[in-house]
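Some notes on the structure that comes next.
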Amino acid sequence: MAQYDSIFKNATVVNQDGEERWDIGVRHGRIAALGRFNGDADEVVDCTGLHILPGVIDTQVHFREPGLTHKEDLETGSLGAVMGGVTGVFEMPNTNPLTTSRATFEAKIAAGTNRMHCDFAFYIGGTHDNVGELAALEKLPGCAGIKVFMGSSTGSLLVADDSGVEAILRAISRRAAFHSEDEFMLEERKGLRVPGDPSSHPVWRSPEVALSCTQRLVALAHRTGKRIHVLHVSTAEEIAFLADHKDVASVEVTPHHLTLDETAYERLGTYAQMNPPVRDRAHREAIWGGVANGVADILGSDHAPHTREEKDHPYPGSHSGMTGVQTLVPIMLDHVNNGRLSLQRLVDMTSHGPNRLFGIAGKGRIAVGYDADLTVVDMKRRETIRNEWIKSRAGWTPYDGVTVTGWPVGTVVRGKTVMWEGELVTPAIGQPMRFSESLPLKP
Ligand code: DOR
3 MAQYDSIFKN ATVVNQDGEE RWDIGVRHGR IAALGRFNGD ADEVVDCTGL HILPGVIDTQ
63 VHFREPGLTH KEDLETGSLG AVMGGVTGVF EMPNTNPLTT SRATFEAKIA AGTNRMHCDF
123 AFYIGGTHDN VGELAALEKL PGCAGIKVFM GSSTGSLLVA DDSGVEAILR AISRRAAFHS
183 EDEFMLEERK GLRVPGDPSS HPVWRSPEVA LSCTQRLVAL AHRTGKRIHV LHVSTAEEIA
243 FLADHKDVAS VEVTPHHLTL DETAYERLGT YAQMNPPVRD RAHREAIWGG VANGVADILG
303 SDHAPHTREE KDHPYPGSHS GMTGVQTLVP IMLDHVNNGR LSLQRLVDMT SHGPNRLFGI
363 AGKGRIAVGY DADLTVVDMK RRETIRNEWI KSRAGWTPYD GVTVTGWPVG TVVRGKTVMW
423 EGELVTPAIG QPMRFSESLP LKP
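Residue numbers (my numbering): 3 to 445.
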């Protein structure tokens, strides 16, 4: 019997803290050897000229199952993930029915296992009604934690008031994730939406709306002594404010807030409409500042597919959200090639960061004993992103026609090559991720 199931040879292996010209030996789905070593393997994959990153984990996607599967489902969403080099996702609870109970959560785990193409964890929605169950729910195997919408977006999940959020924070012990836009201000400001003009979206959902909510949320975290994760931070003001509150707050930023600006509304119309909105370039540059100075911890795509028909309604009837899971890696590699961030910092935000913040067991680093989740990339390859390449059921990307340098050429999940050179080469093997805060006890 060969010593290793596979060896990935001659790659530049990148972790958050450095890179080396190493080989990776894989056995039973885990990394068994790293460095220059001798040994035989059933399969040797020559990765000369390629970089291997720890499997990219997209910590915010909406895959719409159950209930909204005309937009996406767990299979199509995760197919897009692996085609784009993503090996794991945290998926959101604004489904129909909402993912707010043990039964709805376990149904998703069952629906995803060996049907999703990448590994996964599901958030459970926190509400006024399920607060008494959250302590038990957040510890269920495969749960990424509790997600709270403080401002309303797609679906009916909403806890707008401080006392509701405080009750949730008091009930739980893990880091919880928040959509932070002030619902009361959103209600008051609805008149600022200009019919037919999606560029009024960031006027309605203004920087003040986001900052007000984030300030309230941080105060509640301090009062309760709990950790919060602020999703898709979109303003200069929040980056500055959160810099003073890293004791309780972790920060997610998105590729679209780092890439698009106010000109997107002219080009894309309602296809640029997102919550929180794409804003002007001053905010975009401030978010890059957060990437550079470390205030931003992780990157999530907020993949939020809607059909063309739903996007084509005249604003504000058009749905908020765009696809992103498949384009996260190419768009960010292009930013690396343009000198916006280092490859190591990208790995810090897409692999090591999720491990550090959420305690994912055995994922997020290329290290012996960790799952052999690998994102294999060609930093020199130039490709043009096309709608036809997008596997999402929605079938479109805001980056259609954009040429990037840097491309994912392989996706390896627990030692199995799932995608190679744009082809799906292993049937769906997705499993729930494990978390250090809810590991089953061994006798
Ligand atoms: O634009 C958005 N769409 N933002 C969210 O937070 C939710 C998402 C969706 O589910 O469509």
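Ideal Cβ placement from N, Cα and C applies to all residues, glycine included.
Just so you know, these numbers come straight off a predicted model, no measurement behind them.
Asked, Found
"Completely contained beta strand (DSSP E) runs for the segment 186-257, where each covers 3 or more residues", "230-232, 251-255"
"Whether Ser202 touches Val211 by CB criterion (8 Å)", "no"
"From Asn277, Val46, Leu139, residue whose alpha carbon lies closest to that of Pro200", "Asn277"
"Contact set for Ala223: own chain, Cβ-Cβ below 6 Å, skip 5 residues either direction", "Ile230, Val250"
"Proximal residues to Ile26 (C-beta, below 8 Å), its chain only, five neighbours per side dropped", "Ile9, Phe10, Ala13, Val15, Ile33, Ala35, Leu36, Ile54, Ile368, Ala374, Leu376"
"Alpha helix (DSSP H) segment containing Ser80, residue limits", "76-85"
"Cutoff 8 Å; reference Tyr6; Cβ partners in own chain excluding five residues on either side", "Gly27, Val28, Arg29, Ala34, Ala35, Gly41, Asp42, Ala43, Asp44"
"Of the listed residues His305, Glu135, Leu52, nearest to Thr78 (C-alpha basis)", "His305"
"Status (buried if at least 16 other CB within 10 Å, exposed otherwise) for Ala112", "exposed"
"Whole runs of the alpha helix (DSSP H) within the segment 42-128, excluding any shorter than 4 residues", "76-85, 104-114"
"Distance cut-off 7 Å: His64 Cβ against heavy atoms of the ligand DOR", "yes"
"contact_flag[the segment 130-141, the segment 87-97] where n(CB pairs < 8 Å) is 3 or more", "no"
"Helix, strand or coil at Asn17 [DSSP, three-state]", "strand"
"One or two residues paired with Tyr6 in a DSSP bridge", "Ala43"
"Residues that Glu425 bridges to, as DSSP identifies them", "Trp422"
"Residues bridged to Ala274 [DSSP beta-bridge criterion]", "None, per the DSSP bridge assignment."
"N-terminal and C-terminal residue of the alpha helix (DSSP H) that Leu160 is part of", "No alpha helix (DSSP H) holds Leu160; DSSP gives it neither H nor E."
"For Phe186 and Leu171, the rounded distance between their alpha carbons", "20 Å"
"Through-space distance from Cys215 to Cys145, alpha-carbon basis", "25 Å"
"As assigned by DSSP and simplified to three states, the class of Glu168", "helix"
"Contact set for Ala363: own chain, Cβ-Cβ below 7 Å, skip 5 residues either direction", "Arg436, Phe437, Ser438, Leu441"
"Proximity below 8 Å, CB of Leu260 to CB of His337", "yes"
"Under 8 Å between C-beta atoms of Val62 and Ser303", "Reading off the sequence shown, one finds Gln at residue 62, where the question assumed Val. Taking 8 Å as the Cβ cut-off, Gln62 and Ser303 qualify as a contacting pair."
"Status (buried if at least 16 other CB within 10 Å, exposed otherwise) for Lys73", "buried"
"Beta-ladder partner(s) of Asp373, from DSSP", "Arg32"
"Contact check, Thr413 vs Val46, beta carbons under 8 Å", "no"
"Residue from Lys365, Arg269, Tyr401 with nearest C-alpha to Pro434", "Lys365"
"Range of the contiguous beta strand (DSSP E) that encloses Val411", "405-415"
"Environment of Pro445 [buried if 16+ CB atoms lie within 10 Å]", "exposed"
"Cβ shell of Val370 (< 6 Å), same chain only, five flanking positions each side left out", "Ile33, Leu36"
"Contact test: His181 Cβ vs the ligand DOR heavy atom, cutoff 7 Å", "yes"
"Contact between the segment 402-411 and the segment 377-386 (3+ Cβ pairs under 8 Å)", "yes"
"Any non-hydrogen atom of the ligand DOR within 7 Å of Met276 CB", "yes"
"Close-in-space but distant-in-sequence residues of the same chain around Gly166 (CB under 6 Å, 5 per side omitted)", "His130"
"Closest Cα partner of Arg104 within the set Arg66, Leu70, Leu76, Lys141", "Lys141"
"Buried versus exposed call for Ala4 [16 or more other C-beta atoms within 10 Å across all chains shown]", "exposed"
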